[in-house]
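Structure record follows, encoded as structure tokens.
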Amino acid sequence: MKFMLDIVTVTAISAGAFFFLAGTVGLLRFPDTLTRLHALTKADNLGLGLVVLGLLPHAGSLRGGFKLVCVWLLALLAGATVSQLIARAALASEGSGSFTVDGPQP
Amino acid sequence: MPEFMTATLGFILAMLALGLMRVLRGPADADRMMAAQLIGTAGIASLLLLGTVTGVPATTDVALTLALLATFASIAFIKKGGASAPESTEGG
Amino acid sequence: MSAATIFGLCAAVIVGLGLYGLIVNPQPLRKIVAFNLLGSGVFLLFGVVARKGAAAGFGGDPVPQAMVITGVVVAFSATALAVGLLLRLFAAGGLATLEPDAPTRAGTEHADS
Amino acid sequence: MTIASALEMALAAVVLGMAIWTVVARDSFAAVVGFVAYGLLLALVWVRLDAVDVALVEAAISGGLGGVLLLGAAARTAAAESRPPAEHPAVRAAAALLAAAVAAALAATVFLLPDPAPTLAPAAAANAASTGLGNPVTNVLMAFRAMDTLLEKVVLLLALVGLWSLARDRFWGGHPGPRHRADPHGTLAFLARLLPPIGVVVGVYVLWAGANHPGGAFQGGTILAAMWLLALMAGLTDTPAISSRRLRLVLVAGPSVFLAVGLGGLCFGAAFLAYPAAYAKPLIVGIEIAMTLTIAATLGLLLVGAPERSAE
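Residue numbers (this note's numbering), protein chains in the order written: chain S, 119 to 224; chain W, 113 to 204; chain H, 115 to 227; chain V, 648 to 959.
Have a look at this one:
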């Protein structure tokens with residue numbers, strides 16, 4: 119059982135680290151803002167999510183595990199909203215003028 | 113297992129430092145914001161890993177605080193840093 | 115080398131960097147940031163002393179740790195006030211600079227460094 | 648070299664890299680972003696030094712409120728940022744020499760620290776029973792060195808008064824900061840409605856946990872302040888006028904309760920701020936609750952800035 123959980127941990131954390139790598143490389147190498155945003159959100163959501171998944175067997179207590187999941191959910195919520203705001207700001211500054219930071223025009 | 117987590121932690125720290133390159137290069141404010149967002153997430157991930165490696169469960173609370181405040185900082189960053197974008201206008 | 119020694123050396127260098135930035139950077143905002151850098155280096159040194167004083171089942175001496183928390187709060191208050199002064203200077207003169215003879219945009223107010 | 652000390656060296660190197668960047672960057676905005684990332688990494692260092700309470704404060708201030716304060720200042724002054732001529736090379740060299748000397752002296756003291764270092768930890772452990780709190784740092788902050796904490800809160804309040812005094816005469820008594828407006832059905836307003844309830848729960852949890860685990864009034868208050876500012880930025884609410892009696896009551900609530908308990912100790916107990924042993928824990932938690940409200944309001948207002956609009 120312990121061995122199985124260790125495999126889960128190693129697999130999930132490695133995959134998480136891979137998504138962080140992918141996100142960072144994408145952020146550095148992709149040609150324009152929106153494609154970079156695409157790369158970033160993978161690191162944000164999947165990278166952290168997989169790290170949390172890998173750490174769950176080591177959480178020690180139910181409460182610890184619950185808090186770990188909470189951290190991820192918070193990051194998910196924040197990441198989703200913030201990336202949308204960034205995308206709008208990017209579109210607006212590109213001169214299309216049809217979006218503002220706070221919402222689409224009527 | 114701690115060795116593996118420590119190595120991953122070092123790796124994510126390196127990613128965090130690389131992400132800062134985008135802050136320097138820009139070019140748009142949006143790129144800087146994205147880099148800041150990535151730095152925040154990588155910071156949370158490394159805190160969680162470090163807490164498990166060091167055996168301090170309360171580190172999760174630090175990560176929780178950081179998750180909340182990093183969101184707040186990103187929003188403030190967008191409202192202020194994105195001064196070129198039409199911010200705080202009346203939408204809808 | 116123990117963790118405390120490594121971070122202690124790191125803290126010493128940070129204090130040096132902060133001091134250098136405080137003297138050399140001409141913009142006031144950069145001086146504020148450098149001052150904060152210097153402060154955080156000092157706090158880190160306190161943390162190192164606390165870590166070396168680990169005893170009685172605690173991971174560190176709680177007294178320096180509590181003093182660091184107090185210090186961070188006070189440093190934040192001072193930073194907030196300094197930023198307020200800077201923004202007021204900016205609003206009054208249009209330029210965020212400490213140069214006494216810099217041209218001003220609208221106001222006549224000046225703050226000396 | 649073990650993998651743990653390899654990690655510590657890597658962490659120290661990244662922290663130093665950020666610090667150097669903060670000092671040498673040409674653009675103020677980029678320097679401030681570097682400083683925020685530096686604060687975030689410093690939280691990791693504090694965890695490594697087994698000071699989770701400090702890590703919480705560092706994450707909340709450097710990565711959160713302090714970072715936003717400096718970023719805002721950088722953004723507002725960026726347009727008119729002048730590049731004054733750099734200091735004379737001789738001055739720079741002298742400054743570098745001085746900084747190197749200071750750093751070397753501090754590094755020497757790190758090596759010369761006696762091992763084991765003088766410590767008050769046994770004393771803190773021995774007296775922990777007298778307050779009934781399990782977190783030694785909270786014990787030091789609220790009982791053994793309570794005077795420091797009381798004065799620290801007064802400093803926080805004084806900074807706010809100082810900031811308010813920078814207002815133009817006609818705005819005195821008015822609302823601080825700009826009035827933010829946003830689409831009430833937009834993404835930002837959505838987040839600002841969803842996140843603060845969660846944040847308030849986490850803030851109260853951190854305050855409550857502070858009795859026995861890392862946490863406390865300041866950390867909790869910071870989270871509450873951030874949530875309030877989020878609602879402000881989304882235009883869901885406005886800052887109160889600084890002449891508002893309710894606001895002023897909240898601002899003095901923490902220090903007054905603290906002071907009242909302290910004077911009570913003088914009247915009924917042994918000394919100023921001496922808690923009667925039977926009521927120590929409820930008294931401390933009571934002070935912390937009042938303090939959290941005050942801290943949240945003060946920190947939020949410190950970030951918003953001086954009054955900019957007259958009261959309607």
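Glycine residues also receive a C-beta, built at the ideal position from the N, C-alpha and C atoms.
Within a Cβ cutoff of 7 Å, which residues of the same chain sit near Ala-205 of chain S, ignoring the five residues on either side of it in sequence? For Ala-205 of chain S, the CB contacts under 7 Å within the same chain, skipping 5 residues up- and downstream, are Leu-152, Leu-155 in chain order.
Among all the DSSP beta bridges, which residues are the ones paired with His-822 of chain V? The partner list for His-822 of chain V (beta bridge, DSSP) reads V:Arg-956.
If you run the structure through DSSP and keep just helix, strand and coil, what is Met-113 of chain W? Coil.
Taking the alpha carbon of Ala-829 of chain V as the reference point, which residue from V:Leu-745, V:Gly-882, V:Pro-861, V:Thr-724 has its own alpha carbon closest? Sorting V:Leu-745, V:Gly-882, V:Pro-861, V:Thr-724 by C-alpha distance to the C-alpha of Ala-829 of chain V places V:Gly-882 at the top.
Per-residue DSSP class, three states only, for Asp-697 of chain V: Three-state result, Asp-697 of chain V: coil.
Chain-ordered neighbours of Ala-188 of chain W on chain S, where CB pairs are closer than 7 Å: Neighbours of Ala-188 of chain W in chain S, taken as residues at a C-beta separation under 7 Å, are lacking, since the least C-beta distance is about 11 Å.
Local Cβ density within 10 Å of Cys-914 of chain V, reported as buried at 16 or more and exposed below that: Taking a 10 Å sphere around the C-beta of Cys-914 of chain V, we find fewer than 16 other C-beta atoms and assign the residue as exposed.
Please find out if some non-hydrogen atom of the ligand GDP comes closer than 8 Å to the beta-carbon of His-832 of chain V. As for the ligand GDP, it is missing from this structure, which has no ligand bound.
Are Val-701 of chain V and Val-186 of chain H closer than 9 Å when you measure CB to CB? Taking 9 Å as the cut-off, the Cβ atoms of Val-701 of chain V and Val-186 of chain H count as close.
For Ala-839 of chain V and Tyr-922 of chain V, the rounded distance between their alpha carbons: Their backbone Cα atoms lie some 40 Å apart in a straight line.
Given a cut-off of 9 Å on the beta-carbon distance, is the pair Gly-846 of chain V and Met-880 of chain V in contact? No, the pair does not count as a contact, with Cβ atoms beyond the cut-off.
Reference Leu-201 of chain H; option with closest CA among V:Ala-937, V:Ala-722, V:Leu-906: Considering only alpha carbons, the answer is V:Ala-722.
Measuring only the C-alpha atoms, how far is Tyr-134 of chain H from Ala-126 of chain H? Cα to Cα, Tyr-134 of chain H sits roughly 13 Å from Ala-126 of chain H.
Under the assumption that Leu-949 of chain V contacts Leu-810 of chain V (Cβ atoms under 8 Å), give the Cβ distance between them as a whole number of angstroms. Between Leu-810 of chain V and Leu-949 of chain V the Cβ distance is about 6 Å, and since that is below 8 Å, they are a contact.
Less than 9 Å between the C-beta atoms of Gln-179 of chain H and Val-853 of chain V, yes or no? No, the Cβ-Cβ distance between Gln-179 of chain H and Val-853 of chain V is not below 9 Å.
Euclidean distance between Cα positions of Ala-858 of chain V and Ala-206 of chain H: So the alpha carbons of these two residues sit roughly 46 Å apart.
Counting only beta-carbon separations shorter than 9 Å, does Thr-172 of chain W have a partner in chain S? So, interface residue.
May I ask you to report which of helix, strand or coil DSSP gives Tyr-685 of chain V? DSSP places Tyr-685 of chain V in helix when its eight states are reduced to three.
Does Thr-218 of chain H have its Cβ less than 9 Å from a Cβ in chain V? Legend: pLDDT at Thr-218 of chain H = 48, less than 50; position of this residue unreliable, no value from coordinates given.
Tell me the rounded alpha-carbon separation between Gly-198 of chain H and Leu-946 of chain V. Rounded to whole angstroms, Gly-198 of chain H to Leu-946 of chain V spans 13 Å at the Cα level.
Please state whether the Cβ-Cβ distance between Ile-931 of chain V and Ala-790 of chain V is less than 9 Å. Yes, the pair counts as a contact, with Cβ atoms nearer than the cut-off.
Below 8 Å, how does it come out for the region 133 to 148 of chain H and the region 672 to 681 of chain V: are there three or more Cβ pairs, yes or no? Flag = yes, the region 133 to 148 of chain H and the region 672 to 681 of chain V touch.
Span separating the alpha-carbon of Ala-741 of chain V from that of Val-138 of chain H: If I take the Cα positions, the gap works out to 10 Å.
Expressed to the nearest angstrom, what Euclidean distance is found between the alpha-carbon atoms of Ala-188 of chain W and Val-715 of chain V? Spanning the two alpha carbons is a distance of roughly 6 Å.
Do Leu-767 of chain V and Gly-171 of chain H count as a contact pair if the criterion is CB distance below 9 Å? The answer is no: Cβ separation not under 9 Å.
Cβ of Ala-207 of chain S within 9 Å of any chain V Cβ: So no, Ala-207 of chain S is outside the interface.
Starting from the beta carbon of Gly-198 of chain H, find every residue of chain V whose beta carbon is closer than 7 Å, and list them in chain order. Per Cβ cutoff of 7 Å: Leu-810, Leu-813, Gly-952, Ala-953.
Would you identify the three-state DSSP class for Met-794 of chain V, choosing helix, strand or coil? The three-state reading of DSSP puts Met-794 of chain V in helix, counting H, G and I together.
Should Met-665 of chain V be labelled buried (16 or more other beta-carbon atoms within 10 Å of its own) or exposed? Taking every protein chain shown into account, the CB of Met-665 of chain V has 16 or more other CB atoms within 10 angstroms, so this residue is buried.
Buried or exposed for Ile-125 of chain S, please, with buried defined as at least 16 other CB atoms from any protein chain shown within 10 angstroms of its CB. When all chains shown are included, Ile-125 of chain S counts as exposed.
What number of angstroms, rounded off, separates the C-alpha of Asn-782 of chain V from the C-alpha of Ala-864 of chain V? Distance between the alpha carbons of Asn-782 of chain V and Ala-864 of chain V is about 13 Å.
Given that a residue counts as buried once 16 or more other Cβ atoms are within 10 Å of its Cβ, and exposed if not, what is Asp-816 of chain V? It counts as exposed.
Would you kindly report the start and end of the unbroken alpha helix (DSSP H) that includes His-827 of chain V? Per DSSP, His-827 of chain V belongs to no alpha helix (DSSP H) and is neither H nor E.
Start-to-end residues for the alpha helix (DSSP H) that takes in Thr-941 of chain V: Note, Thr-941 of chain V: alpha helix (DSSP H), 927 to 951.
Between the alpha carbons of Leu-145 of chain S and Gly-131 of chain W, how many angstroms are there, rounded? Straight-line measurement puts the Cα of Gly-131 of chain W at about 7 Å from the Cα of Leu-145 of chain S.
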